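> One structure is given below, represented as C-alpha cells, and several questions about it will come after.
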Amino acid sequence: NAGVMQNPRHLVRRRGQEARLRCSPMKGHSHVYWYRQLPEEGLKFMVYLQKENIIDESGMPKERFSAEFPKEGPSILRIQQVVRGDSAAYFCASSNQQETQYFGPGTRLLVL
Amino acid sequence: AQSVTQPDIHITVSEGASLELRCNYSYGATPYLFWYVQSPGQGLQLLLKYFSGDTLVQGIKGFEAEFKRSQSSFNLRKPSVHWSDAAEYFCAVGSPGNQFYFGTGTSLTVIP
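These protein sequence lines are chains A and B, in that order. With our numbering, the residue at position 100 of the first sequence is 100, and numbering never jumps. In our numbering, each residue carries its 1-based index in the second sequence increased by 112.
Structure representation (C-alpha cells):
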C-alpha cells in the first residue's frame, strides 16, 4: 500500500512564475490537507479538501494560492506569480474517516 | 485559541540515556494528540497518537507518550536513545475533520 506521494520533490521557480505541486493520497483516503513549513518552523495549515470540495481554507493566503482535489487525479496546490517568500517545504497529508493524517515527503520550493 | 508549545528548541543527549520531549497544548475540544518525527529533507513519520483510553500510549521505535489532561501535556519519552533517533520531533493536536496544530519542533542531537 503506497503512502502519500508528492511531486515534484524539488521545484525551482523564478519570481513571477507559477508553481504546481501535486499530491496523491494514500489508497482509500479521501481527505487531503496541505501544510507549509518555513525554515526552523513547524507546519502551518493551509487548506483541507475532500473530493471536489474545499472544506477549510482558513490558512490559505488570500491571493495567488489555490487548491483543488478533483474527482479523478491528484490534489493540486497552485501558486501563481511566486515571490521569494513562497520558498518553503509544502507537505500534503491524507486521512481516512477523518482520523490520523499521514504525510507525504514534501515538495521543496525555491524561488529565485 | 488552539496552539501547541514545545518549550525545548534543541536537546542534546548521550546515546543510551533517557529522553523526554515536552509538549503542552491548548485546544477547545477533546484533543487528538500526535507525535511525528522528521529527518532532514524528509516528510513526517507518525510515532504515536492518543485518541482516548489509556493515557500512556506506545509508539514505534520504542517511544511512548503520556497524556495528562490536568496539565494539558503530552510528553514523549524513550528509555534509551539510539544515534538513529537524531531528528526533529513535532507534537500536534487536532480533532476529526479539522486541521492539525503543530508545535515548532524540538531538534534532538545524540552524542555517541
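All C-beta atoms in this analysis are idealised placements derived from N, C-alpha and C, irrespective of residue type, glycine included. Bear in mind the structure is a predicted one, so any value in this text is a computation, not a measurement.
So if DSSP puts T221(B) in a beta bridge, which residue, or which two residues, is it bridged to?
T221(B) is bridged to T124(B).
> Would you kindly check if the distance between the Cβ of T107(A) and the Cβ of L158(B) is under 8 Å?
Cβ atoms of L158(B) and T107(A): not closer than 8 Å.
> Looking only at DSSP bridge pairs, what is Y90(A) linked to?
Note: Y90(A) sits in a beta bridge opposite R36(A), T107(A).
> Which of the three DSSP states is assigned to K71(A) in this structure?
Note: K71(A) maps to coil in three-state DSSP.
> Helix, strand or coil: how does DSSP classify Q118(B) here?
In the structure shown, Q118(B) sits in coil (DSSP, three-state: anything other than H, G, I, E or B).
> Pull up the CB-CB distance for F103(A) and V4(A), whole angstroms please, since I reckon it's below 8 Å.
At roughly 6 Å, the Cβ-Cβ gap stays under 8 Å, so F103(A) and V4(A) are in contact.
> G206(B) lies in the beta strand (DSSP E); which residues open and close that run?
Here the beta strand (DSSP E) through G206(B) covers 199 to 206.
> Shorter than 8 Å from the beta carbon of P224(B) to some beta carbon of chain A?
Not one chain A Cβ lies under 8 Å of P224(B).
> Under the rule that 16 or more other beta-carbon atoms within 10 Å means buried, what is S24(A), buried or exposed?
So S24(A) ends up on the buried side.
> How long is the line joining the alpha carbons of R22(A) and R189(B), rounded to whole angstroms?
Approximately 35 Å between the Cα atoms of the pair.
> Hey, quick one: how far does the beta strand (DSSP E) through Y139(B) stretch, first residue to last?
Note, Y139(B): premise wrong, no beta strand (DSSP E); not H, not E.
> Which residues, in chain order, does the segment 180 to 209 of chain B contribute to contact with chain A at a C-beta distance below 7 Å?
Of all residues in the segment 180 to 209 of chain B, F202, P208, G209 have a Cβ within less than 7 Å of some Cβ in chain A.
> In the structure shown, what three-state DSSP assignment does R22(A) receive?
If DSSP states are grouped into helix, strand and coil, R22(A) belongs with the strands.
> Check whether the Cβ of E41(A) lies closer than 8 Å to any Cβ atom in chain B.
Yes, contact with chain B.
> Quick one: does E99(A) have its CB under 8 Å from some CB of chain B?
Yes, its Cβ sits closer than 8 Å to a Cβ of chain B.
> Quick check: what's the CA-CA separation for S185(B) versus Q17(A)?
In a straight line, the C-alpha of S185(B) is about 44 Å away from that of Q17(A).
> Between Q154(B) and chain A, is any beta-carbon pair separated by less than 8 Å?
Yes, Q154(B) counts as interfacial toward chain A.
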